[in-house]
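UniProt numbering applies: residue 1 is where the sequence shown begins, and numbers increase by one.
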Amino acid sequence: MVHESLKVPIFAFVDCNAFGIEIFKSYKFGSGLQLMSRNLVVPSIELIGLFYSDLVERGMEDDMTPLKKIDYNKTVSLLEEPLIPLEPHISKSLKSILENKRKADVELLSHKKGCFYWVNYLLEKLRFHLKEMKNKKCEVHTRKKICGAKKHTKKFSARKRRKSCFLFVMRKMFCYVR
Numbered sequence: 001m002v003h004e005s006l007k008v009p010i011f012a013f014v015d016c017n018a019f020g021i022e023i024f025k026s027y028k029f030g031s032g033l034q035l036m037s038r039n040l041v042v043p044s045i046e047l048i049g050l051f052y053s054d055l056v057e058r059g060m061e062d063d064m065t066p067l068k069k070i071d072y073n074k075t076v077s078l079l080e081e082p083l084i085p086l087e088p089h090i091s092k093s094l095k096s097i098l099e100n101k102r103k104a105d106v107e108l109l110s111h112k113k114g115c116f117y118w119v120n121y122l123l124e125k126l127r128f129h130l131k132e133m134k135n136k137k138c139e140v141h142t143r144k145k146i147c148g149a150k151k152h153t154k155k156f157s158a159r160k161r162r163k164s165c166f167l168f169v170m171r172k173m174f175c176y177v178r
């Protein structure tokens, strides 16, 4: 897979509804068609949004759309699946969607707050997750007691990987905005 050979992190940015979570779940855990999708599974993929809590933080709760019956049923069925509890932030977001009976598409960020608001949101999320990844890598280096020279080499390569991931995402965002 490309992400393995290039050693870049993969992030998912999906709608704040059950169908968006299902898309993420298909990439992370695979779909029902295991024989066809085995090579498409990306176990290291990280979900960076769109979360219900993020929309509430930004005062956009009233801008979300009401759940339809199909959305409600899909959300309930996702919460009953055995893989969802493995991702606590996802089950929390799904429960919030059910409790408040509201959902949102990623387009809400640009429609309500302006064209580049979602770009800033995405950059904020990427910075947070890349910092988390860096902290995890530093903990691993400390535990393994790697010598100083190797530690710096590892940090540089991790920095280089983050930079390439960031540049790829930026290219994609500007292509989308045009």
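Ideal placement from N, C-alpha and C gives every residue a C-beta, glycine not left out.
| Contact set for L94: own chain, Cβ-Cβ below 8 Å, skip 5 residues either direction | Within the sequence shown, residue 94 is the residue found at index 94, counting from 1. Taken in chain order, the residues that qualify are A18, I21, T75, L78, L79, I84.
| field | Of the listed residues K131, S5, K136, Y121, nearest to V14 (C-alpha basis) | value | Taking the first residue of the sequence shown as position 1, residue 14 is located at position 14. Considering only alpha carbons, the answer is Y121.
| message | For I21, would you say it is in contact with chain D, using Cβ-to-Cβ distances shorter than 8 Å as the test? | response | Judged by its chain identifiers, the structure shown contains no chain D, having just a single protein chain.
| query | For I70, does the three-state DSSP call read helix, strand or coil? | reply | In the sequence shown, the residue the question calls residue 70 occupies position 70. Looking at I70 - three-state DSSP - the assignment turns out to be helix.
| request: State the DSSP-derived secondary structure class of G49, mapped to helix, strand or coil. | output: Residue mapping note: residue 49 aligns to position 49 of the sequence shown, counting from 1. Reduced to three states, the DSSP call for G49 is strand.
| field | Neighbourhood of L67 by C-beta, 6 Å cutoff - its chain only, sequence neighbours within 5 removed | value | The residue given as residue 67 occupies position 67 in the sequence shown. Only K101, K103 meet the Cβ criterion.
| query | Going by C-alpha distance, which of G49, P43, E4, K28 is nearest V119? | reply | Translated into positions along the sequence shown, residue 119 becomes position 119. For V119, the nearest C-alpha among the options comes from G49.
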